[in-house]
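S.K.: Numbering (the working numbering), first residue to last: 4 to 412.
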DNA sequence: AGTCCACAGGAAGGGCAGGCGA
DNA sequence: TCGCCTGCCCTTCCTGTGGACT
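This is the structure we're talking about:
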C-alpha cells in the first residue's frame, strides 16, 4: 500500500507535464487552417464556380420581386452537394440586399427535425422568422395559417419562401400544405408570396396531386453533379480562404476531388475531406497537408457519419442494429425474420419490451435510409417475400460499432 | 393455373406528452 | 382545471407481392 501512493503521485505529475507540453506545443504551432469556416457547409462564398448559369437563371426568375411583382414559384433539383442551397441562398441574399424592405426571404430546412419537418413546425418556423414566436405545439393548424397569413400580408412586400429538402416534408405530411400555401397567395392583399422548393428527388413533382402540381411549379432548374475537375476548382477557391499559404501539398486537392467525384460529385464531401484532412495533419504536428492525410480523412469522415447517426438513434433502433451486427458475424445476407427473432432475444436479455415486427420493419427501413445497412426486397417464391439486409460497413468499422453498441446498451 | 409463404408496407387509430385558451 | 389541439411512437389490421412449388 505504501509503495502505491507515491507511484500514483508520480503518475499524476507525469500526465500533467505531458499535457502542459502538449498544450504549449499546440500554442506554439502555426495553424494550418486559418479560417476553418471557409470549408464548412454554412460558408457563403462570393463566387460559386461552375454555377454561373444557375445563378443567372434563378436571378432572372426571382428578379420581378424587385419591381413589386410576384416571381414565379421555382423548383430546384439536384443531388446533395451540387450547390442547390448555396445558389438559392446566394441569389436570395443578393436580391434582399438590393431590394431592402421590399423583399423578404424566409428559409426553412425540412430535414431539421423539431424545426420544420411537420406542417405545424413549418408554419411556426415561418411565423418566427417573420417576428412572431409561436408555441412548439398546442395551437390548431388554422390558427397557425391565419397567423402566418397576417404576418405576410402586414405590409407591401414580396415574400420568397425557400423550402429546402421539401421532399422530406411532403413525404411526412402530404402535399396539402403546398396547396394551402399557394392558396394563401390568392387571398393576399398587400404582399406577394413565392415558393422556392429545393429537393434531391428528381421525380418529386410527379408524386404531387395534379391540382397542387399545376399551382406550384412554374419554373424548374436542375443542378447537375460536379465532375472531378470542377470539384478541384471549388476546393482551390475555398482553400485560398481557409489555409495559410503553401500548406496544401501536391495532389491533395486532386485526391479529395477525385474521391468526392466518385460519390456523385458531392462538393460537400470534397470540402469535408479537405477540412478533416487538415485537422488530422494539424493533430499529427505536420506542417503540410499531404495525400495520406486525405486517405485518413476519408476513413474518419465515414466513421464519424456512421457513429453520429447510430448514437442519435433510440435504444430500440440500436437493438435492431445490434441484432443485424451479430447476425452479420455469421452470415452475409440476413433476412427480416431472422433480425426480428434475434432482436426479440436481445430485448429479453436487456429486460426491454420488444416492438412488433411491423415497427421493426420500419426501423430497418430507417437504418437503410441512413446508409448504415443496405437492404433489398426479394421474393423467395414459395418461401415468401422478404428483405435481405447487409451491413454497409467495412470490418474495422463493424467491430468499432459492435463495441460501441455493447457499451451503449 | 392455382396455392402458398413471409413478409412489405399502407391506413387507421390509441396513448402519451406538451401546450393553449376559456 | 378542463377540453382541445398537435407531434410522436407505436400497434393492429389489412392488402399486396412475386416466384417456388404442386
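Yeah, the Cβ is synthetic: ideal placement off N, Cα and C, and Gly gets one too.
#1: Please list, in chain order, all residues of the same chain as residue 342 whose beta carbon is under 8 angstroms from its beta carbon, the five residues on each side excluded.
#2: Does the separation of the CB atoms of residue 79 and residue 58 fall below 8 angstroms?
#3: Would you mind working out which of 399, 293, 245 sits nearest residue 41, comparing C-alpha positions?
#4: Look up residue 109 in the DSSP assignment and give the residues it is bridged to.
#5: Which of helix, strand or coil does DSSP assign to residue 51?
#6: How far does the alpha helix (DSSP H) with residue 279 in it reach, from first residue to last?
#7: Could you check where the beta strand (DSSP E) with residue 84 kicks off and where it finishes?
#8: Got a sec, what are the start and stop residues for the alpha helix (DSSP H) residue 129 sits in?
#9: Just reading off the beta strand (DSSP E) that residue 377 is part of, what are its end residues?
#10: Is it right to say residue 172 is buried, meaning 16 or more other beta carbons lie within 10 angstroms of its own, or is it exposed?
#11: Which one or two residues does DSSP pair with residue 36 in a beta bridge?
#12: Between the C-alpha atoms of residue 122 and residue 153, what's the straight-line distance to the nearest angstrom?
#13: Secondary structure at residue 159, three-state DSSP: helix, strand or coil?
#14: So, helix, strand or coil for residue 7, using DSSP?
#15: Using a Cβ-Cβ cut-off of 6 angstroms (strictly less than) and excluding sequence neighbours within five positions of residue 233, which residues of its own chain qualify?
#16: Starting from residue 225 and walking both ways along the beta strand (DSSP E), at which residues does that stretch end?
#17: Does the Cβ of residue 34 have 16 or more other Cβ atoms within 10 Å, making it buried, or fewer, making it exposed?
#18: Looking at the strands, I want to know which residues DSSP matches up with residue 3.
#19: Figure out for me which residue from 71, 44, 83, 97 has the closest Cα to the Cα of residue 62.
#20: Just checking my contact of residue 2 with residue 197 at CB under 8 angstroms: how many whole Å lie between their CB atoms?
M.R.: Looking at the atomic coordinates:
#1: 323, 326, 327, 330, 363, 367, 392
#2: Against a cut-off of 8 angstroms, the Cβ pair of residue 58 and residue 79 comes out as no contact.
#3: 245
#4: 164
#5: coil
#6: Under the DSSP assignment, residue 279 falls in the alpha helix (DSSP H) whose first and last residues are 270-286.
#7: First-last for residue 84: undefined, no H or E at that position.
#8: 122-132
#9: 376-382
#10: buried
#11: 246
#12: 17 angstroms
#13: DSSP places residue 159 in coil when its eight states are reduced to three.
#14: Note on residue 7: pLDDT 35, under 50, position unreliable in the model; no value is reported.
#15: Within the same chain, residue 233 has close Cβ partners 53.
#16: 222-225
#17: exposed
#18: The chain is shown from 4 up to 412; residue 3 falls before or after that span and cannot be answered.
#19: Checked all of 71, 44, 83, 97; the closest Cα to residue 62 is 97.
#20: Because the chain here runs from 4 to 412, residue 2 falls outside it and cannot be looked at.
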